[in-house]
Each structure stands twice: as structure tokens, then as C-alpha cells.
Amino acid sequence: TSGSADATTTSPTAVVAVQEEQKLQQPTQVALDAIALASRIQTDLETVAMDFVRHFKQETGQVNLCLAGGVALNSVLNGRLSRELDFEQTFIPPYPGDDGIAIGCCAYGLFGQHSHNDDSVNSPKIWKEPLSPYLGGVPSEAEIKMAIQQAEPWIEVEIIRDDEQRYQRMVDEIASGGVIAWYRSRSEMGPRALGHRSILADPRKHGLVRFINEHVKSRESFRPFAPSVLANEAQDWFELGGSSSGKFSNVSPYMSITAQVKEHQRHKIPAVTHVDGSSRLQTVRPEDEPSYHALISKFFKATGIPMVLNTSFNTLPGEPIVETPEQAIRSFLYTQGNLEMLILDEYVITRKTANLRRLLGEVEKADTGTKARSILSVEPARPQRAGPITFQSTFDMPEGSGDDDEEIVTTSRVQMPNRILHRDGEWTELVDELEAELLSICDGTVTMNEILAHYTSIPDGADGDNGGAAQKTQKRDYMDEETQQLLQNIVHRMARLHDQTFLYW
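So for the sequence shown, our numbering puts the first residue at 394; every next one is plus one.
Right, here's the structure in full:
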């Protein structure tokens, strides 16, 4: 741009560049057609379902509504049925689809052969409250410890047995902008994560929407997130209709209803407010979920916001919500530090960074009196592969390239079934052949100094494992700039292979 302070002009080249960028950002015609079709189907579904339910409400005079079937997962429709048809209560089970048939079979086995008037001692009691959605497997303490032990080279573990202290630690991390994962007790039945297999974050921070979608969940950046809100506070934040007060305030315990965020509240919780002002909420009561309610209450006390952002705990593309402790740790490590913390029952787990000092034969020691820190020389670490490994290399030579080696593209990939992040049948591509060579060398028998010496021409006399300052100076004298860059590159690659759970030391 050029011109005075009062008038600016933009060059034709810049205008064309902006126009081209805008074209790239616009959806294709195929995408626009798909969007229009989805919108029309949703509109028609709502029209038909609202008319159908309204008719039978008038015919029967019923004041309560229960929904089942896969369509009952349509939270936008559920919200309209709940708000607009004046039902006192609308109940949608956490598993309204085919998966709920298993629960129905169990219910029929328990109650189907008994009359409601049968008061015999041997007759099972009719459920007075809906079954808990937490009907999945519960891990044993031994399973949790085994999963932690298997991942020990790549994680730091702190045990916090006191619930209040652990919840406060979680709230502090969330309120500071961190994204955490929570795994505890039985898993949820149905498609929604309701606080037992959840990723949690601060709903006040709009930037977390793109961050979690792209860097934690590895999916499209526009995907919305749900709030888990204290049931007795929900009415102040969401348009829930007249039947959502008092004893009927728990309108969406299973994240089944979409409601509009009240307009004057939207700027406070942008991370859980969709572009149309809506939000698919989960209401939480202490009698249903005391632990989750206690956590959200602490966050409310700290921030004035009675909710947290909640999304399902699954980070590997194409995989469902985690079920076992081993899957939880694997999913946590897969994010490469974008999940700050994993709370696994009473274990608070963070990612262990590669200890490069120890790798190179140095340890830091603090003087207890002066608190001064010094560096001591020790034997360099002996890096170890995480398990047996299979290598594969492919070469791509463009047609007509002749004998020019620079045009040959080499791709190296590996399979390591014992690796924490390994997926069955999957090959993992390495950056280059150097990483493949390092993995082949690191069998736990050679030190890092020996590995470095393998790639350089440093004389043996200058490569003592426990050498002092004079030897280190002598070693540096033999290194030209190219050699130093190579050594730095090797150390960098060792750190990357550690972070990818190929190596440990």
C-alpha cells in the first residue's frame, strides 16, 4: 500500500492475491450442495417430528415425553421438543440407539416377568431413577499400575490421594489455559463422554476450539464443543424453556439437548458457543455425579463460570473413546504434549521430556546449603529401543532422472509392535535414513558418545566417557562446523525418537 495518512491505495497484485486467497477459503460446489442437503433434511426432520409429537400429546394428554431410537441422538430436535411443546419433563436415555437394546434386554430379564403389583420379597424392585450411564468396564488397580509401568520411560507420575487437592490441581491447570484428560471409574454407555472419559478445558478461551480440534483431536477446526454445567446454574446461561426450573432443572444430564446460549452470556463462554449461538449441554447434579460436580464447583468458585468444556477422550484418528488405562496413556502421549495432564484415578500424569543431559553424560546437582547448581560428568546413557523393530525403505526415482543421486527420494518406515504408540498393522514413517540408522544402533549396549563417534572422525583419545573440561575442549577442537551441526542433528533426532516412544534411556 502507498499514499498519505488520509488515503491509501492497494496495488493490483495485492488485490489479485487477496482474491485468490478468498477463493481458496470458499467451499467447493460439492461441499455447498452437501451443506444445503443436510440443512434441508434437518429442517424436514424437525417439522415432521414436532407435528407428530404435538399430535399425540393432544391425543393422550401426557405431560412427560420419553424419546428412544437413533433419531433421539439429534440434539437440535431434542431441544425443540423439550422447549416448545410444554412437556413438564423430557427424558432421552444416554443410549437411545441400537446400543440401548442391550440395556432393554437386561431390564426385561429383571422386570418383564413380574407384575408392578407383585410385592413379594423375591420380586426385583422397579427402577425409581434412570440407570447410571456409567455401565462400562472399571479397571482394577493392578491394570492401572501395569499401564503406568509400561509407559514409565515417557511419563512423570504423581499420586494425589486427596480428592480436593487433586481437583484443585486440575482446576488450576484448566483455568491457566491447559487442556487435560480425565479417566476414572466405569466408562460411559452411549456415544457421549460425560466426565469419566473426557478431555476438559476452559470455556472462556475461544482459541482453544481450533487448538483442541487440530492439535489434540486431529479433526476439522470447526467442530463445536459441549459445556458440562452445574444443573442449578444452567437456567442463567441457556434458553431452556419454562419447564427447566426447580425439580426439573436437570434437563440434559446425558448431553442430549441443544439450547441457545443467552445472548448476554455468549462472550463469556465462546469456546462452547457455536457460530449460531447454540450449545449442546450436559447438566450435572451432585447426586448423579459427585466427583464431576465437585470439580466444576471448584472451577465456578475460581472463575465465576459454572461449567467446563467437555469433549470425548480420544485423540488417535479413527479410534473411539478410550476404554482401558493403557489406551488412556497411549492417547495422552499421542498428542505430543498438547494434553498437559492426564488424571488417571488418583494418578496425575504428565509427559516426560527427553533428558538430553543424561543422554550426553551429565547430571545436575544442587547444593543443599547454597542451593547452587553444578553439572557433574557421568557415563553417558545407553539408549534402548522400545522393542523388536522391522525396517522398510523405498526409493522413488523420477523418470528421466538418470544417475543423479540428488533426485532419488528415499522413504524409511518402521514397525515396532511393543511401542506404546504403535497401531496394529501400521507402518510409521521416519524423517530420513539417519533416524533408521539410529534406531538400528540403539540396542542398549552402546553409549551416546560411542554413537556420536560413529558419525565423526574424532580421535579415540578425545572421546573419554568421563573426561573432564580439558578433554571436552580437546574434543571441540577436532570438530569443524559441519561436524558440530551433524552432532546437534543426531541429538535432536534422539530426542524426537524418544518423544515418539521409539527410544528410552
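Heads up, the beta-carbon is just placed ideally off N, CA and C, and yes, glycines get one too.
Source: prediction; values computed, not measured.
Candidates the options: closest to residue i by CA position
i       : options                               : result
Pro-486 : Gly-502, Arg-806, Leu-458 and Gly-505 : Leu-458
Glu-733 : Ala-888, Phe-449, Glu-549 and Pro-810 : Glu-549
Glu-626 : Gly-571, Val-665, Ile-698 and Gly-502 : Ile-698
Leu-680 : Pro-646, Asp-629 and Glu-613          : According to the sequence provided, residue 680 is Glu. The question's Leu does not apply to it. Answer by Cα proximity: Pro-646.
Arg-816 : Thr-483, Thr-696, Val-802 and Gln-720 : Gln-720
Asp-557 : His-686, Ala-461, Val-423 and Leu-831 : The displayed chain sequence assigns Glu, not Asp, to residue 557. Checking every option, the nearest Cα to that of Glu-557 belongs to His-686.
Thr-876 : Phe-895, His-885 and Thr-849          : Thr-849
Val-602 : Asp-825, Leu-769 and Phe-618          : Phe-618
Gly-529 : Ile-496, Gln-482, Gly-454 and Ala-461 : Ile-496
Lys-450 : Gln-542, Ala-424 and Phe-480          : Phe-480
Trp-630 : Gly-454, Val-654, Thr-787 and Tyr-897 : Val-654
Met-563 : Glu-755, Leu-735, Ala-747 and Ser-770 : Leu-735
Thr-787 : Val-807, Thr-436 and Arg-612          : Val-807
Thr-821 : Cys-835, Leu-890 and Thr-763          : Leu-890
Residues near residue i in its chain [Cβ-Cβ closer than 6 Å; skip 5 each side]
i       : result
Leu-845 : Leu-880
Asn-731 : His-608 and Val-609
Phe-693 : Pro-699
Asp-892 : none
Ala-759 : Arg-766
Leu-823 : Ser-805 and Ala-829
9 Å Cβ cutoff met for residue i and residue j
i       : j       : result
Ala-779 : Ser-805 : no
Thr-717 : Pro-532 : yes
Ala-574 : Phe-725 : yes
Leu-737 : Tyr-576 : yes
Arg-590 : Ser-705 : yes
Ala-774 : Arg-744 : no
Pro-663 : Lys-598 : yes
Ile-801 : Met-790 : yes
Leu-474 : Val-446 : yes
Thr-840 : Gly-754 : yes
Val-456 : Gln-482 : yes
DSSP three-state assignment for residue i, whether helix, strand or coil
i       : result
Ser-591 : strand
Pro-713 : coil
Ser-397 : Bear in mind that a pLDDT of 41 at Ser-397, under 50, signals an unreliable position, so the model cannot answer this.
Trp-820 : coil
Arg-775 : coil
Val-629 : Checking the sequence shown, residue 629 turns out to be Asp, not Val. Helix, per DSSP.
Leu-474 : helix
Asp-836 : strand
Asp-856 : Note on Asp-856: pLDDT 48, under 50, position unreliable in the model; the coordinate value appears next. In the structure shown, Asp-856 sits in coil (DSSP, three-state: anything other than H, G, I, E or B).
Tyr-647 : coil
Arg-659 : helix
Gln-419 : coil
Tyr-488 : coil
Asn-457 : strand
Lys-340 : What is shown of the chain runs 394 to 898, which leaves residue 340 out entirely.
Thr-876 : helix
Ala-765 : coil
Tyr-501 : helix
Pro-620 : strand
Gly-530 : coil
Ile-553 : coil
8 Å Cβ shell around residue i - same chain, five flanking residues per side excluded
i       : result
Thr-761 : none
Arg-659 : Thr-666 and Gly-670
Ile-567 : Ile-573, Leu-593, Ala-594, Asp-595, Phe-692 and Val-701
Glu-739 : Ile-552, Ile-553, Arg-554 and Arg-559
Arg-883 : It is worth fixing the name first, because residue 883 is Ile in this sequence and not Arg. Within the same chain, Ile-883 has close Cβ partners Leu-827, Leu-831, Ile-844, Leu-845 and Tyr-848.
Leu-478 : Met-443, Val-446, Arg-447, Lys-450 and Leu-458
Asp-491 : Gly-463
Contact set for residue i: own chain, Cβ-Cβ below 7 Å, skip 5 residues either direction
i       : result
Glu-551 : Val-741
Ile-689 : Ser-621, Leu-623, Val-677, Pro-699, Met-700 and Val-701
Pro-713 : Asn-707
Ser-468 : Ser-649, Ile-650, Thr-651 and Arg-673
Asp-853 : Unreliable placement is indicated for Asp-853, whose pLDDT of 48 sits below 50; the coordinate value is still reported in the next sentence. Here the set comprises nothing.
Glu-757 : Arg-750, Arg-766 and Ile-768
Ala-586 : Asn-703, Thr-704, Ser-705, Phe-706 and Ile-714
Span of the beta strand (DSSP E) around residue i
i       : result
Asp-789 : 783 to 789
Thr-676 : 671 to 677
Ala-383 : Here the chain has residues from 394 to 898 only, and residue 383 is not among them.
Tyr-740 : 740 to 744
Thr-696 : From DSSP, Thr-696 is part of no beta strand (DSSP E) but of the alpha helix (DSSP H) over 683 to 696.
Ile-650 : 650 to 654
Ala-586 : Neither: Ala-586 is in no beta strand (DSSP E) and is coded neither H nor E.
Limits of the unbroken alpha helix (DSSP H) element including residue i
i       : result
Ser-724 : 718 to 727
Lys-450 : 422 to 453
Gln-893 : Taken as a continuous stretch (DSSP letters only), Gln-893 belongs to no alpha helix (DSSP H), as it is neither H nor E.
Val-564 : 556 to 568
Residue i CB to nearest heavy atom of the ligand HEM below 8 Å
i       : result
Glu-557 : No copy of the ligand HEM occurs in the structure displayed, which carries no ligand at all.
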